[in-house]
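Structure first, then comments.
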Amino acid sequence: MEQKEAIRGAYRMTGGNSFYDGMITCSTLSGKAVCRLVWAMNKAENDAYLEKAMSGIPEHFSGKLLEVPVGTGVLTMPVYRAMQEADITCLDYSVDMMGQAQEKANRLNLNNVTFQQGDVGALSYADDTFDIVLSLNGFHAFPDKEAAYREVFRVLRPGGTFCGCFYVMGEHKRTDWFVRHVYEKAGFFTPPYETVSSLKVRLDGMYTDVNMGKLKSMAWFVCRKAG
Ligand SMILES: C[S@@+](CC[C@H](N)C(=O)[O-])C[C@H]1O[C@@H](n2cnc3c(N)ncnc32)[C@H](O)[C@@H]1O
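Counting in UniProt numbering, the sequence shown runs from 1 upward without gaps.
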């Protein structure tokens, strides 16, 4: 329940003021316009897929969690407020994006969250380190997706949970058009993209207890590393 409230109020709770934060939380006027135009979603739909993506994190989780990529932290810093016992590592390639996440963590007095600049395709952590790896809106951006899948699997402990969400192609023509002609050109997204069925095959091949779905062009998933 707290997690859902945190997702719904993410923008407000972290004092977000950037265009990006408004867009990713579908909160501001311009953010809502992008959500509607590009993703054909309203705020309730946006919150719904994010709730599903984060449903792999138990309330009051107290283990080790890796979030990659954390971006500006607008979606997760409010959620981490209710996870003071957890040991949370946030990683992103962009120092600038992560700096904004760090500011939010400071504002919310999150002392159990550490930030590290790095590449998801070459993680510096030992095998089997984390109980949960969370990845929101990342895999459509990662340049080397195969390396990213491999690394996430490697650092996750047997029995650990991989959950998150990202864009899948072939579900909504207008979204596919914007991805190809705007987001890719701007360097925000990098092909190749999964489809719903290719993602299912991939997750079924690597993980157990795969629970996944999609809302418009956003796929969400929760699965477990066998062990
Ligand atoms: C669309 S943002 C998503 C951020 C955040 N999870 C969210 O939902 O707001 C994509 C992020 O992926 C990061 N990124 C791209 N390639 C990466 C890589 N190889 N390793 C780590 N982060 C990467 C970018 O810096 C950017 O912050």
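Glycine included, every Cβ here is placed at the ideal spot set by N, Cα and C.
Bear in mind that the values here come from a model prediction, so they are computed numbers and not experimental data.
Assigned exposure category for residue i - 16 Cβ within 10 Å defines buried
{"i": "residue 106", "result": "exposed"}
{"i": "residue 117", "result": "exposed"}
{"i": "residue 60", "result": "exposed"}
{"i": "residue 8", "result": "buried"}
{"i": "residue 25", "result": "buried"}
{"i": "residue 191", "result": "exposed"}
{"i": "residue 225", "result": "buried"}
{"i": "residue 188", "result": "exposed"}
{"i": "residue 115", "result": "buried"}
{"i": "residue 143", "result": "exposed"}
{"i": "residue 135", "result": "buried"}
{"i": "residue 173", "result": "exposed"}
{"i": "residue 168", "result": "buried"}
{"i": "residue 177", "result": "exposed"}
{"i": "residue 27", "result": "buried"}
Other residues of its chain near residue i: CB distance less than 7 angstroms, five sequence neighbours each side excluded
{"i": "residue 56", "result": "132, 161, 163 and 222"}
{"i": "residue 21", "result": "11, 72 and 74"}
{"i": "residue 123", "result": "151 and 155"}
{"i": "residue 213", "result": "52 and 220"}
{"i": "residue 77", "result": "14, 101, 104, 105, 108 and 110"}
Endpoints, the alpha helix (DSSP H) within which residue i is located
{"i": "residue 152", "result": "145-155"}
{"i": "residue 201", "result": "196-206"}
{"i": "residue 29", "result": "29-39"}
{"i": "residue 50", "result": "43-53"}
{"i": "residue 59", "result": "Looking at the DSSP string, residue 59 is not in any alpha helix (DSSP H), and its letter there is neither H nor E."}
{"i": "residue 73", "result": "No alpha helix (DSSP H) contains residue 73, which DSSP labels as neither H nor E."}
{"i": "residue 97", "result": "95-107"}
{"i": "residue 8", "result": "2-8"}
Boundaries (first-last residue) of the beta strand (DSSP E) holding residue i
{"i": "residue 88", "result": "87-92"}
{"i": "residue 218", "result": "218-224"}
{"i": "residue 132", "result": "130-136"}
{"i": "residue 19", "result": "Premise fails: residue 19 lies in the alpha helix (DSSP H), 19-24, not in any beta strand (DSSP E)."}
{"i": "residue 117", "result": "113-117"}
{"i": "residue 66", "result": "64-67"}
Close-in-space but distant-in-sequence residues of the same chain around residue i (CB under 8 angstroms, 5 per side omitted)
{"i": "residue 126", "result": "155"}
{"i": "residue 23", "result": "30, 31, 34 and 35"}
Same chain only: Cβ atoms within 6 angstroms of residue i, ignoring 5 sequence neighbours per side
{"i": "residue 128", "result": "157"}
{"i": "residue 170", "result": "195"}
Exercise for review: Could I get the ranges of all uninterrupted alpha helix (DSSP H) runs contained in the segment 160-191, with 4 residues as the minimum, in chain order?
Suggested key: As far as the segment 160-191 is concerned, its whole alpha helix (DSSP H) runs of at least 4 residues are 173-178.
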